[in-house]
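**Student:** In my numbering, the protein residues as written are 777 to 1072. We put the CB at the ideal spot given by N, CA and C, even for glycine. Sending over a structure as structure tokens; questions will come in a sec.
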Ligand code: NDP
């Protein structure tokens, strides 16, 4: 059994991007990071994104509108970033505070700057397999983890647990794409799926993205399978200073002895998400420099 080291693979990608960006003459790629309010998780995610950007040599602009910002003003802020030629990528940190319509805000981001891949145009390009689009960072990170861990997908059965727009659905769409490195047979499962364990036991590659602590147990996994655990769940742990620890959607202790490869939590998919955001930002810079704009 091999534990797939997401930290190591993400560092490799960061190092590759750093080398690429150092070769860019003149203006460097730039990402705008918009964080509304002071949600502690969002504060730490945006800080991390800024740090990794700096490490690569990507400029970042952090915008911190107050939690009271009206919907129209936030959309206006996004529009001003769309119009700013010095900005290549726009990231609006999710979740937005209650009362703000996240989907409407994401929909305002110009497709060619939508490095999170949540706008309708980029979701459409994912379905069309148009490589000028941006795939959402977590599913793109899963594909990269699999490729760099020499996991072959072609013709194999990938079972995805979860059908959210940010993880499950795009992960399934990427795995089923008609191209080298994909070409999997995909089953998407969700909370209404019947006989779930009988489906997950058929998976050559099982991707768990449901947000339920240690839900996937040994009886749900085929021996020798590859397991990708996307879940990030807090469970109470009085022995920790923070009072909690992070676990995935997979019961690592019982599942890991059975499988051929598995990602840990933390240190698996998580670090890949930020690395792929940076990869998308450099791609946005290149596409914009080449004049390839997404249709709006
Ligand atoms: P959502 O809550 O948006 O979606 C969860 C999905 O799981 C839904 O499709 C839901 O089904 C399905 N589901 C829930 N319970 C069950 C069940 N008992 N059996 C089968 N399916 C079930 O979550 P996200 O996709 O946003 O996130 C999933 C997990 O991944 C979370 O733990 C999140 O923290 C983590 N995450 C990690 C990231 C990373 O960087 N590593 C990034 C993003 C998320 P239905 O559609 O029927 O409701």
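Candidates 894, 841 and 872: which alpha carbon is nearest residue 865's?
**Tutor:** Indexing the chain shown from 1 puts residue 865 at position 89. Looking at the Cα atoms, 894 is the closest of the given residues.
**Student:** Rounding to the nearest angstrom, what Cα-Cα distance links residue 870 and residue 818 in this structure?
**Tutor:** To locate residue 870, count along the chain shown from 1; it is residue 94. To locate residue 818, count along the chain shown from 1; it is residue 42. So the alpha carbons of these two residues sit roughly 7 Å apart.
**Student:** What residues in its chain sit with their C-beta under 6 Å from that of residue 924, if we drop five residues either side in the sequence?
**Tutor:** In the chain shown, counting from the first residue as 1, residue 924 sits at position 148. Counting only Cβ-Cβ distances below 6 Å, and skipping sequence neighbours, we find 785.
**Student:** Just to confirm before moving on: does the CB-CB distance between residue 1041 and residue 1022 stay below 8 Å?
**Tutor:** For the purposes of this step, residue 1041 is identified with residue 265 of the chain shown, where counting begins at 1. For the purposes of this step, residue 1022 is identified with residue 246 of the chain shown, where counting begins at 1. Against a cut-off of 8 Å, the Cβ pair of residue 1022 and residue 1041 comes out as a contact.
**Student:** Report the partner residues of residue 836 according to the DSSP bridge assignment.
**Tutor:** The residue given as residue 836 occupies position 60 in the chain shown. In the DSSP output, where bridge partners are listed per residue, residue 836 has 807.
**Student:** Pairing CB atoms from the region 1014 to 1021 with CB atoms from the region 941 to 952, are three or more of them under 8 Å?
**Tutor:** No, because fewer than three Cβ pairs between the region 1014 to 1021 and the region 941 to 952 fall closer than 8 Å, the two stretches do not touch.
**Student:** Which complete alpha helix (DSSP H) runs does the region 963 to 994 hold, if anything under 4 residues is left out?
**Tutor:** List check, alpha helix (DSSP H) in window: 972 to 976.
**Student:** Report the rounded CA-to-CA distance for residue 941 versus residue 806, giving the unit in angstroms.
**Tutor:** Position 165 of the chain shown holds residue 941. Position 30 of the chain shown holds residue 806. If you take the alpha carbons of residue 941 and residue 806, they lie about 26 Å apart.
**Student:** Do residue 804 and residue 835 come within 8 Å of each other at the CB atom, strictly closer than that value?
**Tutor:** What you label residue 835 is simply residue 59 of the chain shown in a count that begins at 1. What you label residue 804 is simply residue 28 of the chain shown in a count that begins at 1. The answer is yes: Cβ separation under 8 Å.
**Student:** What would DSSP say about residue 865, mapped onto helix, strand or coil?
**Tutor:** The count along the chain shown starts at 1 and reaches residue 865 at position 89. Of the three classes helix, strand and coil, the one that applies to residue 865 here is strand, per DSSP.
**Student:** Pull the bridge partners of residue 1025 from the DSSP assignment, please.
**Tutor:** Reading the chain shown from its first residue, position 249 is the one you call residue 1025. DSSP output for residue 1025 lists no bridge partner at all.
**Student:** Would you check if there are 3 or more beta carbon pairs closer than 8 Å linking the region 965 to 980 to the region 905 to 921?
**Tutor:** No, because fewer than three Cβ pairs between the region 965 to 980 and the region 905 to 921 fall closer than 8 Å, the two stretches do not touch.
**Student:** Enumerate in chain order the residues of its own chain whose CB-to-CB distance from residue 975 is below 8 Å, with the five nearest sequence positions on each side excluded.
**Tutor:** Here residue 975 is taken as the residue at index 199 of the chain shown, counted from 1. Cβ neighbours of residue 975 beyond the five flanking positions: 935, 963, 965 and 969.
**Student:** Which residue marks the beginning of the beta strand (DSSP E) containing residue 918, and which one marks its end?
**Tutor:** Within the chain shown, numbered from 1, the residue matching residue 918 stands at position 142. Not the beta strand (DSSP E): residue 918 falls in the alpha helix (DSSP H), residues 913 to 924.
**Student:** Regarding residue 1010 and the ligand NDP, is the C-beta to nearest heavy atom distance less than 7 Å?
**Tutor:** Residue numbering aside, residue 1010 sits at position 234 when the chain shown is read from its first letter. Result no, Cβ not under 7 Å from the ligand NDP.
**Student:** Which residues bound the beta strand (DSSP E) around residue 1012?
**Tutor:** The residue labelled residue 1012 in the question sits at position 236 within the chain shown. First-last of the beta strand (DSSP E) with residue 1012: 1009 to 1012.
**Student:** Determine the direct distance from the alpha carbon of residue 943 to that of residue 1007, and round the result to whole angstroms.
**Tutor:** Sequence index remark: in the chain shown, residue 1007 carries index 231 (1-based). Sequence index remark: in the chain shown, residue 943 carries index 167 (1-based). When rounded, the distance between both Cα atoms is 10 Å.
**Student:** How many angstroms separate the CA atom of residue 813 from the CA atom of residue 822?
**Tutor:** Start at 1 with the first residue of the chain shown, and residue 813 comes out as number 37. Start at 1 with the first residue of the chain shown, and residue 822 comes out as number 46. Whole-angstrom Cα-Cα distance: 12 Å.
**Student:** If distances are taken between C-alpha atoms only, which option among 781, 945, 852 and 927 comes closest to residue 735?
**Tutor:** Since the first residue of the chain shown is 777 and the last is 1072, residue 735 is not available in this structure.
**Student:** How many Å lie between residue 847 and residue 873 at the Cα?
**Tutor:** Here residue 847 refers to the residue found at position 71 when the chain shown is read from its first residue. Here residue 873 refers to the residue found at position 97 when the chain shown is read from its first residue. Cα to Cα, residue 847 sits roughly 11 Å from residue 873.
**Student:** For the ligand NDP, I want to know if residue 968 counts as a neighbour, meaning its beta carbon is within less than 7 Å of at least one of the ligand's heavy atoms.
**Tutor:** Here the question's residue 968 lines up with position 192 in the chain shown. Yes, the ligand NDP has a heavy atom inside 7 Å of this Cβ.
**Student:** Around the C-beta of residue 856, are 16 or more other C-beta atoms found within 10 angstroms, so that it is buried, or is it exposed?
**Tutor:** As a first step, residue 856 is located in the chain shown; it is residue number 80 there, counting from the start. Answer is exposed; the Cβ neighbour count stays below 16.
**Student:** Please name the residue or residues paired with residue 876 in a DSSP beta bridge.
**Tutor:** Counted from its first residue, the chain shown places residue 876 at position 100. In the DSSP output, where bridge partners are listed per residue, residue 876 has none listed.
**Student:** In the structure shown, what three-state DSSP assignment does residue 885 receive?
**Tutor:** Against the chain shown, residue 885 aligns to sequence position 109. Here residue 885 sits in coil by DSSP.
**Student:** Does the beta carbon of residue 925 fall short of 7 Å from some heavy atom of the ligand NDP?
**Tutor:** Taking the first residue of the chain shown as position 1, residue 925 is located at position 149. No - the ligand NDP has no heavy atom lying nearer than 7 Å to the Cβ of residue 925.
**Student:** For residue 941, which three-state DSSP category applies?
**Tutor:** Mapped onto the chain shown, residue 941 falls at position 165. Residue 941 falls in the coil class under three-state DSSP.
**Student:** Using DSSP with H/G/I as helix, E/B as strand and the rest coil, what is residue 1049?
**Tutor:** By one-based count along the chain shown, residue 1049 stands at place 273. Residue state, collapsed to three classes: helix.
**Student:** Taking the alpha helix (DSSP H) that residue 815 belongs to, which residues open and close that run?
**Tutor:** Residue mapping note: residue 815 aligns to position 39 of the chain shown, counting from 1. Element bounds for residue 815: n/a, residue is neither H nor E.
**Student:** Going straight from the alpha carbon of residue 978 to that of residue 993, what length do you get?
**Tutor:** Here residue 978 refers to the residue found at position 202 when the chain shown is read from its first residue. Here residue 993 refers to the residue found at position 217 when the chain shown is read from its first residue. C-alpha separation (whole angstroms): 14 Å.
**Student:** Should residue 844 be labelled buried (16 or more other beta-carbon atoms within 10 Å of its own) or exposed?
**Tutor:** Against the chain shown, residue 844 aligns to sequence position 68. So residue 844 counts as exposed.
**Student:** Which term fits residue 931, buried or exposed, when burial requires 16 or more other beta carbons within 10 angstroms of its beta carbon?
**Tutor:** Taking the chain shown and counting its residues from 1, the one referred to as residue 931 is at position 155. So residue 931 ends up on the exposed side.
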